[in-house]
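J.: Structure incoming, see below.
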Amino acid sequence: MSELGIGEVGADGAAPSIAFCLMTADAIESATRLCAACGMCCNGVMFHSVPLLPGDSARELSARGLKVKRGKKSRIPQPCPAHKESRCAIYAHRPARCRVFVCLQLEALESGAATEADALGKIREARVLAMCVRELLHEAGDAREHKALATRCEALFTEPLDPAPHVARLRVTLASARSELERVLSENFRPGGTMPCLEKDRALQRPREPPDSGA
Ligand code: SF4
Ligand code: SF4
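Using our numbering, you'd call the opening residue of the sequence shown number -15 and step up by one each time.
Given below as structure tokens:
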């Protein structure tokens, strides 16, 4: 298999990142299984985007199907279009940030602080919470699965707020679910300061209460 996701190793045995050069073969196999079961650093649950770093070619990445948002700091919005069936479709050519990214669960696995089963438990917990947030967004009328979860949540809390009583009630529930998801992601997955696009996420940890919950 040559198309793998973050944290996986190529079938040709080539080490995909500096970080994974340090892992044992068993840990790499465990990481591969965990990433296939997770995908949250590619699918818009953890991040808004992948910032491009020096050495990344926006032109080449665009030619490989990634939508590069060009600017002072060019980035690839998430969910990443290369994330297909829990795999990275451009694994050998992925951006530099993807190559060096290792989440806290993989770090714990590598250091022996967590077993694969421990990490899988954390992944399942976060995925259930993310699913809950998605369902609430759907109920509130937001079906934009092509947008990052935080972006969708932010829209629901942006003025002017939808005054419909059922949406106001959903905002209260969503704020709580989103806050819990953020806590789990921050405590168990996001290495401190790894991705600058987290600032928006942090702001969303303090969602505003709607002026009238309609309850
Ligand atoms: S968040 Fe961690 S376990 Fe999940 S896909 Fe990314 S690197 Fe793998
Ligand atoms: S290019 Fe996309 S799918 Fe591949 S590792 Fe990076 S974020 Fe994930």
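Yeah, the Cβ is synthetic: ideal placement off N, Cα and C, and Gly gets one too.
A quick note: this is a predicted structure, and the numbers were derived from the prediction, not measured.
1) Taking Gly125 as the reference, give the member of Glu100, Ala97 and Leu158 with the closest Cα.
2) Going by CA-CA distance only, name the one from Arg59, His32 and Gly55 that's closest to Gln45.
3) Give me the Cα-Cα distance between Leu18 and Leu104, rounded to the nearest whole angstrom.
4) Kindly provide the ranges of any alpha helix (DSSP H) runs that are 4 or more residues long and lie completely inside the stretch 33 to 119, ordered along the chain.
5) Taking the straight line between their C-alpha atoms, what separation do you get for Thr178 and Lys106?
6) Quick check: Val168 and Glu109, are their CB atoms within less than 8 Å of each other?
7) On the premise that Cys26 lies in contact with Cys72, defined as a C-beta separation below 8 Å, what is that separation, rounded to the nearest angstrom?
8) Just checking Leu18 against ligand 1 - is the residue's beta carbon closer than 7 Å to any of the ligand's heavy atoms?
9) Within the same chain, show all residues whose beta-carbon is closer than 8 Å to that of Arg174, passing over the 5 residues directly before and after it, in chain order.
10) Given a threshold of 16 other Cβ atoms within 10 Å of its Cβ, counted over all protein chains shown, does Met7 qualify as buried or as exposed?
11) My guess is that Pro35 and Ala132 are in contact by the Cβ rule of under 8 Å, so how many angstroms apart are they, rounded?
12) Could you have a look at Ala15 and say whether DSSP puts it in helix, strand or coil?
13) Could you give the first and the last residue of the continuous alpha helix (DSSP H) run that contains Cys137?
14) Please indicate yes or no: does the CB of Phe173 lie closer than 7 Å to some heavy atom of ligand 1?
T.: Taking the definition as stated:
1) Counting from 1 along the sequence shown, the entry for residue 125 is found at position 141. Taking only the C-alpha atoms, the option nearest Gly125 is Leu158.
2) Residue mapping note: residue 45 aligns to position 61 of the sequence shown, counting from 1. Before going on, a small fix: residue 45 reads as Leu here, not Gln. Closest option to Leu45, Cα to Cα, is Arg59.
3) As a working note, residue 18 is residue 34 in the sequence shown. As a working note, residue 104 is residue 120 in the sequence shown. One C-alpha to the other measures close to 6 Å.
4) 42 to 47, 80 to 84 and 88 to 95
5) For the purposes of this step, residue 178 is identified with residue 194 of the sequence shown, where counting begins at 1. For the purposes of this step, residue 106 is identified with residue 122 of the sequence shown, where counting begins at 1. Note that Thr178 has pLDDT 38, beneath the 50 cutoff, so the model's placement of it is unreliable and the number below is only indicative. Roughly 19 Å separates the two Cα atoms.
6) Residue mapping note: residue 168 aligns to position 184 of the sequence shown, counting from 1. Residue mapping note: residue 109 aligns to position 125 of the sequence shown, counting from 1. It is a contact, given that the beta carbons lie within the stated cut-off.
7) Position 88 of the sequence shown holds residue 72. Position 42 of the sequence shown holds residue 26. The pair is a contact, with the Cβ atoms about 7 Å apart (cut-off 8 Å).
8) Numbered from its first residue, the sequence shown carries residue 18 at position 34. Leu18 Cβ: within cutoff of ligand 1.
9) Reading the sequence shown from its first residue, position 190 is the one you call residue 174. Correct list, in chain order: Met30, Cys87, Leu88 and Leu182.
10) Counted from its first residue, the sequence shown places residue 7 at position 23. Buried: at least 16 other Cβ atoms inside 10 Å.
11) Looking up residue 35 in the sequence shown gives position 51. Looking up residue 132 in the sequence shown gives position 148. About 14 Å separates the two Cβ atoms, so there is no contact after all.
12) Working through the sequence shown from its first residue, we reach residue 15 at position 31. Helix, per DSSP.
13) Taking the first residue of the sequence shown as position 1, residue 137 is located at position 153. That run of the alpha helix (DSSP H) goes Leu133 to Leu140.
14) Position 189 of the sequence shown, counted from the start, is the residue given in the question as residue 173. Under cutoff, so the answer is yes.
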